[in-house]
Amino acid sequence: MDLDPALQTFYVESREILEEVEDILLRLGQEDEASQKESLNAIFRAAHTIKGSAGLFKLQNIVIFTHVVESLLDQMRESEISIDDDIIALLLKCGDHIGELVTLVQQNNADLPPDLKESGEVLLAQLKQYSGVSVFEVKESIKNNNGKESNQKKSWHISLRFGCNVLREGMDPLSFVRYLETLGEIENIVTLDDALPRLVDFDPESCYLGLEIKFKTQVDKQSIEDAFKFIQEDSTITILSPGSRVSDYLKLIDEMPEENQRLGDVLVQCGSLTAAELAAAWPQPNIKVALNKQDRVRMPVVQETRSMRVDAGKLDEHINLVGELVIASAGAALRAQEMGDTTLNELSSILTRLVEEVRDSALHLRMIQVGPTFNKFQRIVHDMSKDLGKEIEMVISGADTDLDKTVIEKISDPLTHLIRNSVDHGIESPVEREEKNKPRKGKLYLSAYHDSGCVVIEVADDGNGLNRDRILSKAKEKGLVREDQKLMDKDIDNLIFEPGFSTADKVTNISGRGVGMDVVKRNIEELRGTIELDSRPGEGSTFRIRLPLTLAIIDGFLVNVENSSFVIPLEMVHECVELNGVNCKIDTDRNYVNLRGEILPFIRLRALFSTGGVAPKRENVVIVNYAGVKAGLVVDNLMGEFQTVIKPLGEIFSHVPGLGGSSILGNGEVALILDVPGLVNRVSSMENFSIQSAV
Amino acid sequence: MTTSMAKDNTEHAQLIDEKMEEEQYLTFYLGREMFALGILNIKEILQYGQLTTVPMMPAFIRGVINLRGAVVPVVDLATRFSGQSNNITKKTCIVIIEVNTSDGKQDIGVVMDSVSEVLEIPVSDIEPPPVFGAKIRTDFIQGMGKIRDKIVIIINADKVLSIEEIAMLSQTELAEKKVDL
Chain A
15 MDLDPALQTF YVESREILEE VEDILLRLGQ EDEASQKESL NAIFRAAHTI
65 KGSAGLFKLQ NIVIFTHVVE SLLDQMRESE ISIDDDIIAL LLKCGDHIGE
115 LVTLVQQNNA DLPPDLKESG EVLLAQLKQY SGVSVFEVKE SIKNNNGKES
165 NQKKSWHISL RFGCNVLREG MDPLSFVRYL ETLGEIENIV TLDDALPRLV
215 DFDPESCYLG LEIKFKTQVD KQSIEDAFKF IQEDSTITIL SPGSRVSDYL
265 KLIDEMPEEN QRLGDVLVQC GSLTAAELAA AWPQPNIKVA LNKQDRVRMP
315 VVQETRSMRV DAGKLDEHIN LVGELVIASA GAALRAQEMG DTTLNELSSI
365 LTRLVEEVRD SALHLRMIQV GPTFNKFQRI VHDMSKDLGK EIEMVISGAD
415 TDLDKTVIEK ISDPLTHLIR NSVDHGIESP VEREEKNKPR KGKLYLSAYH
465 DSGCVVIEVA DDGNGLNRDR ILSKAKEKGL VREDQKLMDK DIDNLIFEPG
515 FSTADKVTNI SGRGVGMDVV KRNIEELRGT IELDSRPGEG STFRIRLPLT
565 LAIIDGFLVN VENSSFVIPL EMVHECVELN GVNCKIDTDR NYVNLRGEIL
615 PFIRLRALFS TGGVAPKREN VVIVNYAGVK AGLVVDNLMG EFQTVIKPLG
665 EIFSHVPGLG GSSILGNGEV ALILDVPGLV NRVSSMENFS IQSAV
Chain B
1204 MTTSMAKDNT EHAQLIDEKM EEEQYLTFYL GREMFALGIL NIKEILQYGQ
1254 LTTVPMMPAF IRGVINLRGA VVPVVDLATR FSGQSNNITK KTCIVIIEVN
1304 TSDGKQDIGV VMDSVSEVLE IPVSDIEPPP VFGAKIRTDF IQGMGKIRDK
1354 IVIIINADKV LSIEEIAMLS QTELAEKKVD L
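As you go down the protein sequences, you meet chains A and B in turn.
With the working numbering as the guide, the letters of the first sequence map in order to residues 15 to 709.
With the working numbering as the guide, the letters of the second sequence map in order to residues 1204 to 1384.
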């Protein structure tokens, strides 16, 4: 039998189950007793399912390990072992371990790598401390099971609804039951006469019988099916294999024509399901069941329209097409303007508006909620605070904020780093906190919200804040700041984003892995986002990450130098002034102007890009403001706002600082998108270099 | 029976086709010199125009063009070979070539002074490159083809248009620029 597709399902299913278990475990500590019991049941069922499925594929490693976990869970369920934080942490680790084992199988690694084996043994030893069940006992019992497997009898559940023609065709329903008895032992049989019509409509030649059988046998499914070969055409026969899940039974119940509650009772009567199992899986009272049955007719339709799985590739393709549409419509609008035809102009402006709407809705398709990503951090905080002996509560808000999927994927690492930092350096130990008259339990806030076309993600803690003295001395030590330099508090804080800066005095296993805040900052800037830091000594610090809503299309400002067009991201454009106009005077031949009394350094794009040609009489300065740095870009003409569909420039141009990508203009020409921070950095480093070589 | 024979025939024809294609080359001129390039990699030939220069790049990278929505870099072969570019004329065109890179295929445009014709050069008429004398890096040359007593240089597109090398060259160019200023 080809198990491959089934195995794939097993991988996916086990991961889902493990994630679910993790969620439940993280909640477990805060729950009251009744819901704790329920949660434990859920976890137990999950473990059992994984063990069962793993057994089906003969994945002994998983079976053995899960069995030990399961026995511990069972004892917890019976309240023999009380729930505390340690046991939750242990169970979380066990969950991870099972996940790793599953991954191992998926990678076709038959042998356990030594480190995994070791960690497994450590966990098993810890489990044993609680439950007293050792892995050897389990191995033994499983071995015994294996030995017996060939002649061991298993309980099947057979659900029969004879077709109405069975009697007419000369079959006797009873003969099937007799035949079954030759194959094994019928443990329980319940006859269903629900299909019997009123006496008036009763046809003595028709069969109205239904049977629910709990059948113990050693033969395989095929043989059982063969028993019903003669009637399988017009009868309904469902055979549930041993160890079927409660959900399979529920499905059976739903499929059968009888009243659900009645059938559920019959199954319990049969002994295939226990009343508890049924109740747990199906806790609604009678009325609800009836309602559900009615709802079922309507529900599927509603659910289908609510959400739909779409391949991410298809979505990208769609957004690319919309991008092309934006370009094409820009072209049409340009042409319409040139023609000067009023009607055409009007039509094209309607078109432009519609295209913009289509663009916005298309971009929205890629948006997903940040919630699931945020929840992942619960676990990190939980584990870390345990390791560090801190008490930390994580408060999540704005989990329903939408953000582009790519952005969410890429922001996950920087966020992890920030959160690790907060837990490790920010929040103090309980003792220290009590000394400072703070609650023992530290708080870590993770929130997301929309703010003027951006999404803001905040990581805040109520810890100690940044230690400015230490940062400053460290920066001086590393040569980032001159000894006599006076810095504002904010500037000192921002020093932690400098490359080659790490605040941790001692390297713990949590932070200080060589990845500094500069990497975090760079990652965020790669997403065209910004990060700012707000720290209050003794009260805590807040990291605020500002991200664009999407990566595919931005609002740009189009400028022109000689014959080339360039796009400056509109969000960075502060204002535009005429060079040497009233507000903006060049006093010297140095590269700065006097902008209403303010000194503004500028870059002549014409010179930097060596475009050739002669500068026109009137030049313009686009003043850009980025991360607190103001600079002017001298260009020939200002062309105005432009919907910029970002096209990658390819590998050849990936090393060019100052260029962020390209876009296609309405007339089909390519315009380059300026990467303002890169440009400013490049110019300032070039200038430094030439000054140094002059000296 | 007949269908299977017909199928055989088409398969045979396809086989011949492929063989023929292997021996087909596009000949073109850079200045007064004729070169050849295997046609399998060539996607299309465009009129020269609508080129956007990319600043701070080595001279042989002319810029980028918009190829139906994709931004494609354009390389000037004459500059790449000899360091001198030729004037743009009516006949100048951009040939889009698909090159193999470490991560898949990429399109690159190549400026040619004029394209001539598609010719068959049988394998027997292709000689290995001379050790020196071609005035072009030998690894750029796939072979020397003999056409009607003339010798043309058959270019190895994957080498000449190696993305890795071009990216490296542009990086060094940038570093040099830095010193200039």
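Don't be surprised by glycine CBs; every beta carbon is placed ideally from N, CA and C.
Shortest alpha-carbon distance to residue i belongs to which of the options?
i       : options                            : result
M408/A  : P211/A, D465/A, F388/A, E239/A     : F388/A
K488/A  : L509/A, D475/A, K500/A             : L509/A
K424/A  : P562/A, N359/A, D355/A             : P562/A
F1335/B : G1312/B, G1241/B, S1317/B, M1347/B : M1347/B
R632/A  : E592/A, S461/A, C108/A             : E592/A
N634/A  : E701/A, H171/A, H81/A, R618/A      : R618/A
N481/A  : D401/A, E576/A, G440/A             : G440/A
P615/A  : L693/A, M270/A, M531/A             : L693/A
T1304/B : T1230/B, M1237/B, D1361/B, Q1374/B : D1361/B
R175/A  : F216/A, L194/A, D208/A             : D208/A
E114/A  : E84/A, E132/A, L188/A              : E132/A
Any beta carbon from chain B within less than 9 Å of residue i's own beta carbon?
i      : result
T356/A : no
I97/A  : no
H431/A : no
S668/A : yes
I678/A : yes
I238/A : no
T720/A : Past the edges of chain A, shown from 15 to 709, lies residue 720/A, and the structure says nothing about it.
F662/A : The question names Phe, but residue 662/A is Pro in the sequence shown. Closer than 9 Å to some Cβ of chain B, the Cβ of P662/A qualifies, so yes.
Beta-carbon of residue i versus every beta-carbon of chain A: anything under 9 Å?
i       : result
A1273/B : yes
Q1287/B : no
M1347/B : no
I1264/B : yes
T1256/B : yes
N1303/B : no
A1370/B : yes
E1367/B : yes
N1269/B : yes
Q1374/B : yes
Q1250/B : no
In whole angstroms, what is the alpha-carbon distance linking residue i and residue j?
i       : j       : result
I57/A   : L87/A   : 8 Å
Q143/A  : I433/A  : 33 Å
G674/A  : G1241/B : 34 Å
G627/A  : N1290/B : 18 Å
E371/A  : R349/A  : 21 Å
A645/A  : V638/A  : 5 Å
S169/A  : I253/A  : 11 Å
Q351/A  : A344/A  : 11 Å
E1221/B : L1243/B : For E1221/B, the predicted structure reports a pLDDT of 47, less than 50, and the residue's modelled location is therefore unreliable. The matter cannot be settled from this model.
D248/A  : D234/A  : 23 Å
L1254/B : V495/A  : 46 Å
S93/A   : V282/A  : 25 Å
E34/A   : L54/A   : 12 Å
Q1309/B : R1271/B : 15 Å
I538/A  : R447/A  : 32 Å
N702/A  : I422/A  : 37 Å
A1273/B : P662/A  : 9 Å
V697/A  : L688/A  : 13 Å
So residue i and residue j are supposed to be a Cβ contact under 8 Å. How far apart are they, rounded?
i       : j       : result
T205/A  : L181/A  : Not a contact, Cβ separation roughly 15 Å.
I666/A  : I1245/B : So it is not a contact: roughly 19 Å between Cβ atoms.
R560/A  : G543/A  : 6 Å
V1302/B : L1364/B : 5 Å
Notebook entry, point to check: Is it true that the region 19 to 36 of chain A meets the region 56 to 74 of chain A, where meeting means three or more beta-carbon pairs spaced less than 8 Å apart?
Noted result: Contact holds: three or more Cβ-Cβ distances are below 8 Å.
Check: Touch check for the region 227 to 235 of chain A and the region 186 to 201 of chain A: three-plus C-beta pairs under 8 Å?
Finding: Judged by Cβ distances under 8 Å, the region 227 to 235 of chain A makes contact with the region 186 to 201 of chain A, as three or more pairs qualify.
Next item on the list: Indicate whether the contact test is met: 3 or more Cβ pairs, each with one atom in the region 1264 to 1283 of chain B and one in the region 1320 to 1332 of chain B, closer than 8 Å.
Entry: The region 1264 to 1283 of chain B, when compared against the region 1320 to 1332 of chain B, does not touch it at the 8 Å Cβ threshold.
Check: Does the pairing of the region 429 to 443 of chain A with the region 363 to 370 of chain A give three or more beta-carbon distances under 8 Å?
Finding: Verdict: no, contact absent.
Next item on the list: Report yes or no: do the region 1349 to 1365 of chain B and the region 1258 to 1268 of chain B share at least 3 C-beta pairs separated by less than 8 Å?
Entry: Output reads no: the region 1258 to 1268 of chain B does not touch the region 1349 to 1365 of chain B.
Notebook entry, point to check: How do the region 381 to 397 of chain A and the region 578 to 587 of chain A stand: do at least 3 beta-carbon pairs fall below 8 Å, yes or no?
Noted result: Contact between the region 381 to 397 of chain A and the region 578 to 587 of chain A is absent, because fewer than three Cβ pairs lie under 8 Å.
Check: Hey, is the region 75 to 82 of chain A in contact with the region 94 to 103 of chain A, meaning 3+ C-beta pairs nearer than 8 Å?
Finding: Between the region 75 to 82 of chain A and the region 94 to 103 of chain A there are fewer than three inter-stretch CB-CB distances shorter than 8 Å, so the stretches are not counted as touching.
Checklist line | contact_flag[the region 453 to 468 of chain A, the region 401 to 418 of chain A] where n(CB pairs < 8 Å) is 3 or more | finding: At 8 Å Cβ cutoff, the stretches touch.
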